[in-house]
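Engineer:
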Ligand SMILES: Cc1cc2nc3c(=O)[nH]c(=O)nc-3n(C[C@H](O)[C@H](O)[C@H](O)COP(=O)(O)O)c2cc1C
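Numbering (the working numbering), first residue to last: 455 to 772.
#1: Could you spell out where the beta strand (DSSP E) holding residue 492 opens and where it closes?
#2: Cβ of residue 547 versus every heavy atom of ligand 1: is any distance shorter than 7 Å?
#3: Considering residue 577, what are the terminal residues of the beta strand (DSSP E) in which it resides?
#4: Any C-beta of chain B sitting closer than 8 Å to the C-beta of residue 528?
#5: If you reduce the DSSP assignment to three classes, tell me which class residue 707 lands in.
#6: Where does residue 557 sit, in a helix, a strand or coil, going by DSSP?
#7: Who are the Cβ neighbours of residue 753 in its own chain at under 6 Å, not counting the five residues just before and after it?
#8: May I ask you to list the residues that DSSP assigns as paired with residue 607?
#9: Can you round the beta-carbon distance between residue 580 and residue 508 to whole angstroms, since I take them to be within the 8 Å contact cut?
#10: If you draw a straight line from the alpha carbon of residue 684 to that of residue 669, how long is it in whole angstroms?
#11: Less than 8 Å between the CB atoms is what I'm expecting for residue 483 and residue 493, so what's the real figure, rounded?
#12: In the DSSP assignment, the beta strand (DSSP E) including residue 602 goes from what residue to what residue?
#13: Can you pull the DSSP bridge partners for residue 676?
#14: Mind checking who residue 526 pairs with in its DSSP beta bridge?
#15: What are the boundary residues of the alpha helix (DSSP H) that includes residue 758?
#16: Alpha carbon to alpha carbon, what distance is there between residue 686 and residue 662?
#17: Can you check whether the CB of residue 566 is closer than 8 Å to the CB of residue 490?
#18: Could you please give the first and the last residue of the uninterrupted alpha helix (DSSP H) stretch that includes residue 466?
#19: Identify, in the order they occur along the chain, each residue of the same chain with its Cβ nearer than 8 Å to the Cβ of residue 768, setting aside the five sequence neighbours on each side.
#20: Out of 665, 610, 760 and 614, state which residue places its alpha-carbon closest to the alpha-carbon of residue 471.
#21: Where residue 775 and residue 466 are concerned, what is the direct C-alpha to C-alpha distance, given to the nearest angstrom?
#22: Is DSSP giving residue 725 helix, strand or coil here?
#23: Within 10 Å of its beta-carbon, does residue 655 have 16 or more other beta-carbons around it, so buried, or fewer, so exposed?
#24: What does the alpha-carbon distance come out to for the pair residue 703 and residue 745?
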């Protein structure tokens, strides 16, 4: 009897389908008895057993690092933190000097240990299995640590951030549909500035003055037309009367080229207003994990770019 035909698999479709399984990102390192070091980015990591404590990951047979892992008594698995994308990329490319300029410590079996990760598992290489075009490496955990740093996520072939689902229940008094973005953004804006406004008022800054001071604080002195463009998204009218009033209260200066800048007092106000805004920010983000806050700012930055009708990009200029 002939063997059943092996179904042909479209590798691109298979890879895409497998990519729907969301994982963390690890860098696995080792050092063999000849002192050769290896480090590979891997998301095939999985826990296997608690008693005995076993983990596994699989390494492509074509990997230049395979001889080092196969000959090493130990390997170290680093679960990368949300801000370690660059480290992941560094170990996801063939290179002879992957550890160059990295400050590594030595772990069990001499394996290089990386810093600021979410978790670290130091393992003795217990078993190696055939896994098709990969080798499955099973390690017995000898030591581990979890730092509490939020993890980096890999989903659909791209890096992602983990966000808890409904960690904080949405307020029940939202009268409109809770997915009405305009309402939610508007409400956030007013509630955020509702908290900031009294602190600005105590410094003698109106909300309008605050936006002008912030634009100049970030961008430096600007020609009046550029300042008007920079704050045009606010709808604030940059009338000569407003500018004169701010100059009279010694917030603004004009330089010899007619550009408007902050006076020394204005700069002090800018710094104090920024500190107050950071306080409010810290307060309103108190329920957010660091990676959630990072995700939120990334998403909002994208929305700002999408809704910007052509503002000069002040915030990325020096
Ligand atoms: C997020 C991510 C996960 C990866 N997971 C694995 C994996 O589990 N096993 C593997 O062999 N390669 C994996 N790779 C690819 C290797 O990191 C890459 O081929 C690396 O260059 C291998 O090391 P080498 O150049 O020393 O052979 C992954 C790459 C990325 C970006």
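Backbone N, C-alpha and C fix where the C-beta goes; we use that ideal spot for every residue, glycine too.
Structural biologist: Answer, in terms of the structure:
#1: Position 38 of the chain shown holds residue 492. Where residue 492 is concerned, the enclosing beta strand (DSSP E) stretches over 491-496.
#2: Walking along the chain shown from the start, residue 547 turns up at place 93. Yes, since a heavy atom of ligand 1 falls inside the 7 Å radius drawn around the Cβ of residue 547.
#3: The residue labelled residue 577 in the question sits at position 123 within the chain shown. First-last of the beta strand (DSSP E) with residue 577: 573-585.
#4: Of the protein chains in this structure there is only one, and it is not chain B.
#5: Here residue 707 refers to the residue found at position 253 when the chain shown is read from its first residue. Strand, per DSSP.
#6: Start at 1 with the first residue of the chain shown, and residue 557 comes out as number 103. In the structure shown, residue 557 sits in coil (DSSP, three-state: anything other than H, G, I, E or B).
#7: On the chain shown, residue 753 is found 299 positions in, with the first residue counted as 1. Once the five neighbours on either side are set aside, residue 753 has no close Cβ partner at all.
#8: Here residue 607 corresponds to residue number 153 of the chain shown, with the count starting at 1. Partner(s): 478 and 614.
#9: Looking up residue 580 in the chain shown gives position 126. Looking up residue 508 in the chain shown gives position 54. At roughly 7 Å, the Cβ-Cβ gap stays under 8 Å, so residue 580 and residue 508 are in contact.
#10: Here residue 684 corresponds to residue number 230 of the chain shown, with the count starting at 1. Here residue 669 corresponds to residue number 215 of the chain shown, with the count starting at 1. Residue 684 and residue 669: Cα-Cα distance of roughly 7 Å.
#11: Position 29 of the chain shown, counted from the start, is the residue given in the question as residue 483. Position 39 of the chain shown, counted from the start, is the residue given in the question as residue 493. Going by Cβ atoms, the distance from residue 483 to residue 493 rounds to 4 Å, so yes, they are a contact pair.
#12: In the chain shown, counting from the first residue as 1, residue 602 sits at position 148. Run containing residue 602: none; DSSP gives neither H nor E here.
#13: The residue you call residue 676 lines up with position 222 of the chain shown. Per DSSP, 714.
#14: Position 72 of the chain shown, counting from 1, holds the residue named residue 526. Answer is none; residue 526 lacks a bridge partner.
#15: Along the chain shown, one-based indexing puts residue 758 at 304. Note, residue 758: alpha helix (DSSP H), 744-761.
#16: Along the chain shown, one-based indexing puts residue 662 at 208. Along the chain shown, one-based indexing puts residue 686 at 232. So the two alpha carbons sit approximately 12 Å from each other.
#17: As a first step, residue 490 is located in the chain shown; it is residue number 36 there, counting from the start. As a first step, residue 566 is located in the chain shown; it is residue number 112 there, counting from the start. No, these two residues do not count as a Cβ contact at 8 Å.
#18: Position 12 of the chain shown, counted from the first residue, corresponds to residue 466. In the DSSP annotation of this structure, the continuous segment of the alpha helix (DSSP H) that includes residue 466 starts and ends at 465-472.
#19: In the chain shown, the residue the question calls residue 768 occupies position 314. Residue placement at residue 768 cannot be trusted, given a pLDDT of 49 that sits under 50; what the coordinates show is reported in the next sentence. If we look at residue 768 and ignore the five residues flanking it on each side, its Cβ neighbours are 669, 672, 673 and 684.
#20: Looking up residue 471 in the chain shown gives position 17. Among 665, 610, 760 and 614, the Cα nearest to that of residue 471 is on 610.
#21: Only positions 455 to 772 of the chain appear in the structure, and residue 775 is not among them; the question remains open.
#22: Taking the chain shown and counting its residues from 1, one reaches residue 725 at position 271. Of the three classes helix, strand and coil, the one that applies to residue 725 here is helix, per DSSP.
#23: On the chain shown, residue 655 is found 201 positions in, with the first residue counted as 1. The residue is exposed, with fewer than 16 neighbouring Cβ atoms inside 10 Å.
#24: Sequence index remark: in the chain shown, residue 703 carries index 249 (1-based). Sequence index remark: in the chain shown, residue 745 carries index 291 (1-based). About 42 Å.
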